[in-house]
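Using the working numbering, read the sequence shown as starting at 23 and increasing by one per residue. Here a beta-carbon is modelled for each residue, glycine too, at the ideal position from N, C-alpha and C.
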Amino acid sequence: MSASDTAIHDDSNDELMPTSTEILRLDLPNSTPGYSDDDEETSDGGEEGPDASERQTSADEEDNDGKEHHHSEGSRSRERKPLDFSSLTSSYISKPVHEAIISHYLTCYPNGLNVVPKGGRDEFLQHYMESYCDTVYFEGCRTKWPPWFLSVFEEFLMFFVQSLNPFFLKTGCFHLQDLRFLNEIPYAIDPNRHPVKQDARVHCKYLLMDFGWSDSSLVRRFESGLMRKQQMLLISILIRQMISQLSILLCIEKSATGVILPPRKEEVIWKLSEANRITARALAALSYVLQIRSERFEIMVFRYLEEEEANEEVIRGLERAQRMHENAIHEGRAESLYGTTFMKQGWLDVSLLLPEGWGDDSSDGGNNV
């Protein structure tokens, strides 16, 4: 697969970027703005925490009541350190890519961002800073990837900030694990389930960690000299294939006159679920590639990928079977994504994502799921 097949920048995707300090949203009821620096801290139970003045009890009150006031740890405001985006530099990521990432997050956080040293609000940004930015607050792994392999990773970073994350911003889902996403898009997910079930950016966060964390299987195998070039080539292919599929999926629909058409509710839900499916498959495929121990098998896979002719009927049949397994259509029930096996049967049950009345019968060839 050539690099042109997975071109990163698409002018049509520029329309997805927020154009003001307020996040662009679909015309949905009860939509609430994204996080700002003025948001109140929340307790572990999800309720708004009290003000600092309410959390403190004077000595006179303690003497009069004779009682000691206890407060949960989760309700206490953690000390935050201000983050100046202009101070973030990277001697690891190429300058154009790093500047594009910083520019994107300057758009996301026009009023600045406060970062908790251990755990931040934006997990993708947090992991990027920890692993790739030269700063006094974070330290990361500096794996010496071959330049051609590092360029694939940078393509992934560029796609995330230019296409994938802007798409989620426009739907109103600002953060990877923003519980308010349930209120902003009530039709997109079962309220009894964790919102990350259909957030493709979570899988991208794990890919980011796989490339940059010293304890990841990918980094450990490479630094131990156990990674063959064929394995790295397979990983580059699956990353670029993921980018290519997502690029097509997130393409903005335009009318014959070139006017951008507002997305329909059903279309948004379908794209959210498909993006989740594509990124989950890529993450699982990476794990499978790292388990390959036979160089002969790798050569066979490459021969298959290099074949110009493909049996389209076989491909459609495999895709249909894979979707049935993922959706558990033939079982009529869903199982948790967070089981012992990542791609567990039924992990992407469309009944949790699509509104009632949508067809999910496998007889339609999987067009609606």
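- Between F178 and L229, the CB-CB gap stays under 8 Å.
- By the beta-carbon neighbour count (other beta carbons within 10 angstroms, threshold 16), D106 is exposed.
- Taking R223 as reference, the option from L186, Y326, S246 with the minimal CA-CA separation is L186.
- Between V183 and H225, the C-beta spacing is not below 8 Å.
- The beta carbon of Q253 lies closer than 7 Å to those of V311, I314, E320 in the same chain, with the five residues before and after it left out.
- For E331, there is no enclosing alpha helix (DSSP H), as DSSP marks it with neither H nor E.
- Membership of Y150 in the alpha helix (DSSP H) is indicated by the continuous run 145 to 154.
- For R315, there is no enclosing alpha helix (DSSP H), as DSSP marks it with neither H nor E.
- Counting only the Cα atoms, F175 lies some 15 Å from M151.
- In this structure, Y154 sits away from S109, with a CB-CB distance that is not shorter than 8 Å.
- Rounded to whole angstroms, the gap between the alpha carbons of F324 and F146 is 32 Å.
- Secondary structure of T193 (DSSP, three-state): helix.
- Per DSSP, the continuous alpha helix (DSSP H) segment holding Q263 begins and ends at 251 to 271.
- The C-beta distance from L260 to I300 rounds to 11 Å, too long to meet the 8 Å contact threshold.
- For E329 and R262, the gap between their C-alpha atoms comes out near 18 Å.
- Of the candidates P132, H149, D144, D156, the residue whose Cα lies closest to the Cα of S116 is D156.
- Between S258 and F171 a beta carbon distance of about 6 Å is seen, short of the 8 Å cut, so the two are scored as contacting.
- Collapsing the DSSP output to three states places T301 in a helix.
- By the neighbour-count definition (other C-beta atoms within 10 Å, threshold 16), R164 is an exposed residue.
- Apart from the 5 residues on each side of it in sequence, V336 has no Cβ closer than 7 Å to any other Cβ in its chain.
- Distance between Q148 and F244, taken at the CA atoms: about 24 Å.
- Between the beta-carbon of I265 and that of F181 there is about 5 Å, and that keeps the pair under the 8 Å contact cut.
- At the C-beta level, D221 and N298 come within 8 Å of one another.
- Taken through DSSP and simplified to helix, strand or coil, T111 comes out as strand.
- Exclusion of the five residues before and after I123 leaves Y150, L179, V183 as the residues of its chain whose Cβ lies within less than 7 Å of its Cβ.
- Taking L327 as reference, the option from L255, Q344, S309, E289 with the minimal CA-CA separation is L255.
- A buried status is given to K227, since no fewer than 16 other beta-carbon atoms sit within 10 Å of its beta-carbon.
- DSSP places G234 inside the alpha helix (DSSP H), whose first and last residues are 222 to 234.
- Taking C-alpha positions only, R345 is separated from K251 by approximately 31 Å.
- By the criterion of a C-beta distance shorter than 6 Å, H120 is surrounded in its chain by S112, once the five residues flanking it on both sides are discounted.
- With 16 or more other Cβ atoms from the protein chains shown falling within 10 Å of its own Cβ, A302 counts as buried.
- Comparing C-alpha distances from Y114 to each of Y131, C130, P168 shows the shortest one belongs to P168.
- In the DSSP annotation of this structure, the continuous segment of the alpha helix (DSSP H) that includes F244 starts and ends at 239 to 245.
- DSSP places L186 in no alpha helix (DSSP H); its state is neither H nor E.
- Look at P118 here: in three-state DSSP terms it is helix.
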